[in-house]
Amino acid sequence: MSHGQRLKQALLGLAGTVVVTATLSLWGCGGNSVSVSDSTQAGAWVWALPANFPTPRVPADNPMSEAKVELGRFLFYDRRLSGNGTQACASCHHQDKAFTDGRALAKGSTGEMHPRNSQGLANVVYNTTLTWANPSLLSLEAQMQVPLFSEAPVELGLNDSNVNEVLNRVKTDARYAALFKAAFPGADQPVTWGNVTRAIATFQRTLISGNSRYDQFLQNKAQLTASEKRGLALFNSEKAECFHCHSGFNFNDQVVHASTQVTDTPFHNTGLYNIGGTGNFPAGNQGLFEITERLADRGKFRAQSLRNVEVTAPYMHDGSMATLEEVLDFYAAGGRNITSGPHAGDGRLNPNKSDLISRIDLTAQDKADLVAFLKTLTDHDFLTNPKLANPFAAP
Ligand code: HEC
Ligand code: HEC
14 MSHGQRLKQA
24 LLGLAGTVVV
34 TATLSLWGCG
44 GNSVSVSDST
54 QAGAWVWALP
64 ANFPTPRVPA
74 DNPMSEAKVE
84 LGRFLFYDRR
94 LSGNGTQACA
104 SCHHQDKAFT
114 DGRALAKGST
124 GEMHPRNSQG
134 LANVVYNTTL
144 TWANPSLLSL
154 EAQMQVPLFS
164 EAPVELGLND
174 SNVNEVLNRV
184 KTDARYAALF
194 KAAFPGADQP
204 VTWGNVTRAI
214 ATFQRTLISG
224 NSRYDQFLQN
234 KAQLTASEKR
244 GLALFNSEKA
254 ECFHCHSGFN
264 FNDQVVHAST
274 QVTDTPFHNT
284 GLYNIGGTGN
294 FPAGNQGLFE
304 ITERLADRGK
314 FRAQSLRNVE
324 VTAPYMHDGS
334 MATLEEVLDF
344 YAAGGRNITS
354 GPHAGDGRLN
364 PNKSDLISRI
374 DLTAQDKADL
384 VAFLKTLTDH
394 DFLTNPKLAN
404 PFAAP
């Protein structure tokens with residue numbers, strides 16, 4: 014086993030522990046309250062949550078702290094964390110785009126193309142599984158090993174030959190010495206990959222978005238227009254069916270929090286492709302199938318949260334839809350019929366398509382109303398909150 018493989022395994026071991034701990038802490042209490050302590054100790058972390066948001070679940074061996082959040086923020090924005098020094102997490106996750114990157118497909122630090130669209134990170138702490146279609150990535154700590162160490166495709170490009178050098182860039186930086194000491198008090202050598210991972214995960218857990226005009230409307234602090242209200246009603250109707258998969262406070266159907274007892278991890282085929290009528294999606298992008306290898310899982314992906322969807326274009330796992338209008342035309346048709354080119358095939362007839370996706374009679378006004386409603390989910394505070402912004406750019 015190479016050094017890199019051992020390292021990766023050790024890190025995944027760490028993340029594995031996190032997963033187990035999280036599963037065992039089912040007794041952890043939570044509920045709907047505005048501020049909830051993470052532990053009973055003095056000086057404990059206090060969440061600032063919207064009233065209708067549940068308390069997030071946090072791994073027992075990586076408790077929240079202000080110092081860890083601040084360290085994690087620096088690391089998230091630090092390009093020195095990639096092998097060749099060109100990319101940080103933030104290179105593909107921009108705050109003003111709800112932590113997406115505006116590209117159809119992500120591009121790694123060595124120029125290699127990723128087969129998928131960069132995901133938004135708003136409320137990522139509540140996702141049961143992480144990424145577009147991987148039922149085995151259950152913690153932010155575990156997920157992070159992918160952008161750090163993946164070799165196919167390369168994202169940040171850490172490997173056997175550069176991993177020590179990259180950690181040294183952090184170790185020899187005076188600011189980091191102080192930040193790590195504050196975040197991991199008592200540790201002799203706090204600058205480790207395990208602690209880098211813990212700090213970035215802790216920062217990501219603070220990416221909470223719940224102050225959109227829609228949220229203010231729920232709290233009687235803002236009005237929606239007649240068109241937005243019609244869109245909201247349609248969204249929650251059995252006619253349009255959107256709410257089945259984009260449900261609850263986070264507009265998705267894979268949610269975990271402190272008091273979750275049983276987790277459900279549905280993935281759906283929405284009829285985007287049906288290459289040559291075989292049920293296939295483009296090679297290398299077959300969704301859940303890539304992990305389970307079950308034919309019926311071809312084309313199944315996790316329903317994305319729709320919070321801030323106005324600023325996360327282009328859409329879908331492969332960025333193949335440019336606008337929300339295009340997305341609505343697709344749902345109205347009950348799938349996508351591609352008539353020419355290498356991906357030709359009628360997605361409406363995909364044998365794995367969800368029963369909840371079928372032709373919907375939507376007028377042009379209905380579609381405009383739905384788009385207007387989706388745009389009420391934009392949270393401008395979240396997109397501009399200085400606490401989530403690049404600390405290196407701060408005056
Ligand atoms: C090269 C661009 C790129 C870089 C760099 C990158 N990401 Fe991502 N990120 C993506 C893509 C693409 C996905 C979707 C991956 C998939 O579905 O396979 C993603 C998904 C995620 C997710 C899952 C979100 C969800 O809703 O499940 C998290 C969390 C995440 N990234 C965090 C990070 C962190 C932390 C870093 C830095 C250590 C990072 N990313 C670096 C492109 C990138
Ligand atoms: C059967 C479950 C299901 C239903 C019903 C459903 N969606 Fe989706 N939605 C998904 C899944 C899964 C994805 C991701 C698909 C992919 O990328 O392959 C998605 C993606 C989206 C996206 C793109 C999000 C992004 O960030 O790329 C939008 C917007 C959206 N849906 C809106 C709607 C609207 C509006 C409705 C009702 C007309 C609706 N959805 C009904 C499951 C569903």
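Numbered according to my numbering, the sequence shown terminates at residue 408, and the numbering increases by one at each position without gaps.
For every residue, glycine included, the Cβ atom is placed at its ideal position computed from N, Cα and C.
These numbers come from a predicted model, not from an experiment.
Residue i, enclosing alpha helix (DSSP H) - first and last residue
i, result
"V275", "That residue, V275, is in no alpha helix (DSSP H); it is neither H nor E in DSSP."
"R93", "R93 -> no alpha helix (DSSP H), and no H or E assigned at all."
"T305", "302 to 305"
"T185", "Careful: T185 lies outside any alpha helix (DSSP H) and carries neither H nor E."
"H393", "393 to 397"
"F162", "153 to 162"
"L337", "337 to 346"
"L231", "226 to 231"
"V384", "377 to 388"
"T215", "206 to 217"
"H356", "Taken as a continuous stretch (DSSP letters only), H356 belongs to no alpha helix (DSSP H), as it is neither H nor E."
"H12", "Absent from the structure is residue 12, since the part of the chain shown begins at 14 and ends at 408."
Counted within 10 angstroms of its Cβ, other Cβ atoms place residue i as buried (16 or more) or exposed
i, result
"A64", "exposed"
"D394", "exposed"
"F405", "exposed"
"T391", "buried"
"P69", "buried"
"N298", "buried"
"L39", "Unreliable placement is indicated for L39, whose pLDDT of 23 sits below 50; the coordinate value is still reported in the next sentence. Exposed, since its Cβ has fewer than 16 Cβ neighbours within 10 Å."
"M14", "With a pLDDT of 43 at M14, under the threshold of 50, the predicted position of this residue should be treated as unreliable, and no value is reported."
"P355", "exposed"
"Q202", "exposed"
"Y328", "buried"
"K21", "Summary for K21: the model assigns pLDDT 47, below 50, so the residue's position carries little reliability, and this model does not support an answer."
"Q274", "exposed"
"N428", "What is shown of the chain runs 14 to 408, which leaves residue 428 out entirely."
"K400", "exposed"
"K366", "buried"
"T397", "exposed"
"D109", "exposed"
Residue i versus the options, residue with shortest Cα-Cα distance
i, options, result
"E79", "I213, D228, L383", "I213"
"P76", "Y90, P67, V59", "V59"
"A5", "D186, V322, R311, L62", "A query on residue 5 cannot be resolved here, the shown segment of the chain reaching from 14 to 408 and no further."
"F386", "E338, S367, A195, L396", "E338"
"L220", "S163, G332, N140", "N140"
"D331", "T123, A61, W145", "W145"
"I351", "A316, S333, T238, P198", "S333"
"G85", "L383, A195, C258", "A195"
"Q267", "W206, Y286, T142", "T142"
"F216", "G300, T185, F89", "F89"
"T278", "P148, V324, N233", "P148"
"G290", "S240, G360, G347", "G360"
"R129", "S318, G347, G300", "G300"
"D228", "G261, E251, W206", "G261"
"E306", "S318, N293, A377", "N293"
"S122", "Q100, C105, P198", "Q100"
Pair within 8 Å by beta-carbon distance, residue i and residue j
i, j, result
"A103", "R320", "no"
"F256", "N249", "yes"
"A345", "L375", "yes"
"P160", "L169", "yes"
"S95", "T113", "no"
"V138", "R218", "yes"
"M126", "P67", "no"
"I288", "G358", "yes"
"V176", "F193", "no"
"F280", "F314", "yes"
"R226", "T389", "yes"
"A246", "I373", "no"
"S409", "N263", "This structure cannot speak to residue 409, because the chain is shown only from 14 to 408."
"F162", "L171", "yes"
Identity of the residues DSSP links to residue i by a beta bridge
i, result
"F405", "F405 pairs with nothing; no bridge assigned."
"M329", "According to DSSP, M329 bridges with nothing at all."
"V268", "N140"
"K313", "G300"
"K242", "Partner(s): none; K242 has no beta bridge."
"G126", "Residue 126 is actually Met in this sequence, not Gly. Paired residues: K120."
"T113", "H107"
"H281", "F314"
"V82", "None, per the DSSP bridge assignment."
"P72", "None; P72 has no bridge partner."
"P364", "Answer is none; P364 lacks a bridge partner."
"M77", "DSSP, once it has assigned bridges, lists no residue as partnering M77."
Residue i: CB within 7 Å of a non-hydrogen atom of ligand 3
i, result
"H106", "For ligand 3, the structure offers nothing, since it holds only ligand 1 and ligand 2."
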